[in-house]
Amino acid sequence: MESQNLADFPRPVHHRIPNFKGSYLACQNIKDLDVFARTQEVKVDPDKPLEGVRLLVLQSKKTLLVPTPRLRTGLFNKITPPPGATKDILRKCATSQVPPERLGRQDRISKT
Numbered sequence: 149m150e151s152q153n154l155a156d157f158p159r160p161v162h163h164r165i166p167n168f169k170g171s172y173l174a175c176q177n178i179k180d181l182d183v184f185a186r187t188q189e190v191k192v193d194p195d196k197p198l199e200g201v202r203l204l205v206l207q208s209k210k211t212l213l214v215p216t217p218r219l220r221t222g223l224f225n226k227i228t229p230p231p232g233a234t235k236d237i238l239r240k241c242a243t244s245q246v247p248p249e250r251l252g253r254q255d256r257i258s259k260t
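With positions in the sequence shown counted from 1, the corresponding number in my numbering is that position plus 148.
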């Protein structure tokens with residue numbers, strides 16, 4: 149990916165899920181899956197190339213489960229945006245720009 153200049157930020161792509169040109173468009177394919185239509189909760193890793201999936205989950209009014217990076221606290225952040233959230237709010241919820249506890253509802257799910 150690096151040698152063909154297919155990688156996007158963050159670079160280099162080694163030792164991570166690589167972000168690539170077209171990853172956001174590729175994320176849109178999840179909405180065509182029958183299992184996506186049937187579920188109400190979706191677990192999506194916090195990696196940059198999966199940002200489009202996280203946004204689509206929230207736009208579909210589904211609960212988003214995001215693993216806590218480096219397991220600082222809890223296993224997952226459960227993100228449920230407020231009713232009537234704007235696209236801008238959903239985009240912020242889907243990225244790591246703003247801590248999820250400041251947007252919508254967030255619950256930490258811990259091991260029991």
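C-beta: ideal position from N, C-alpha, C; glycine also.
As the structure is a prediction and not an experimental result, all values here were calculated from the model.
Got a sec? Which residues, its chain only, sit under 8 Å from residue i by beta carbon, not counting five neighbours each side?
i, result
"Thr-187", "Lys-210"
"Val-192", "Leu-198, Val-201, Arg-202, Val-205, Leu-212, Leu-213 and Val-214"
"Pro-158", "Arg-164, Asn-167 and Lys-196"
Below 7 Å CB to CB, which residues in the same chain sit around residue i once its five sequence neighbours on both sides are set aside?
i, result
"Pro-217", "Pro-194"
"Phe-168", "Met-149, Leu-154, Ala-155, Asp-156 and Pro-197"
"Pro-160", "Glu-150"
"Ile-178", "Phe-184, Val-201 and Leu-204"
Can you name the residues that DSSP bridges to residue i?
i, result
"Ala-155", "Phe-168"
"Lys-286", "Only positions 149 to 260 of the chain appear in this structure, which leaves residue 286 out of reach."
Do residue j and residue i come within 7 Å of each other at the CB atom, strictly closer than that value?
i, j, result
"Pro-197", "Ile-165", "yes"
"Pro-229", "Leu-238", "yes"
Would you mind sorting residue i into buried or exposed? The rule is 16 or more other CB atoms within 10 Å of its CB.
i, result
"Leu-204", "buried"
"Val-190", "buried"
Who are the Cβ neighbours of residue i in its own chain at under 6 Å, not counting the five residues just before and after it?
i, result
"Cys-175", "Gly-200 and Val-201"
"Gln-152", "none"
"Leu-181", "none"
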